[in-house]
Amino acid sequence: MSKVKFLGHVISHGGISVDPAKIEAVLEWEILRNVTEVRNFLELAGYYRRFVQDFSRIALSLTKLTRKDVKFVWDHESEEAFIRLKQSLTTALIFTIPNSNEPYVVYTDVQRRVWNVS
């Protein structure tokens, strides 16, 4: 068996990627009309957040719509975030299994803060 689907991911000798069937569900999502639809979309898309660089930044305007003190208004910024998230998920990264014989390059998405760990 060259690849297997497991918990919404496809695992193969090349690495771990998102399950295309799940991404298809994201792509078919229509305009979000209320807070419940936004939450449902963010739950599904958020499951694959590690595959999308800057996921939190892209989803911020949608996340704001889920706050209790914010009136739901679907505007241009919300539409852009929605489309960008859908596009990002269709071109999501593939996580490869590290090769201990090759050098590692590590990219992080960490704020510019100093952490003192002892």
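Under my numbering, the residues of the sequence shown are numbered 380 to 497, in order.
Note that the Cβ used here is the ideal one computed from N, Cα and C, for glycine as well.
Fair warning: this is a prediction, and the values are worked out from it, not measured in the lab.
- Residue Leu468 holds the alpha-carbon nearest to the alpha-carbon of Val397 among Phe420, Leu468 and Val485.
- Counting every other CB atom within 10 Å of its CB across the protein chains shown gives Tyr486 a total below 16, marking it as exposed.
- In this chain, the beta strand (DSSP E) harbouring Val389 covers His388 to Ser391.
- Across the structure, Glu422 and Leu406 are spaced so that their CA atoms are roughly 14 Å apart.
- For Arg428, the closest C-alpha among the options Asp448, Glu459, His455 and Ile402 is that of Ile402.
- In the displayed model, Phe430 falls within a helix according to three-state DSSP.
- With fewer than 16 other beta carbons inside 10 angstroms of its own, Leu439 counts as exposed.
- Rounded to whole angstroms, Phe434 and Trp453 show a C-alpha spacing of 19 Å.
- Between Arg418 and Thr475, the alpha-carbon positions lie close to 30 Å from each other.
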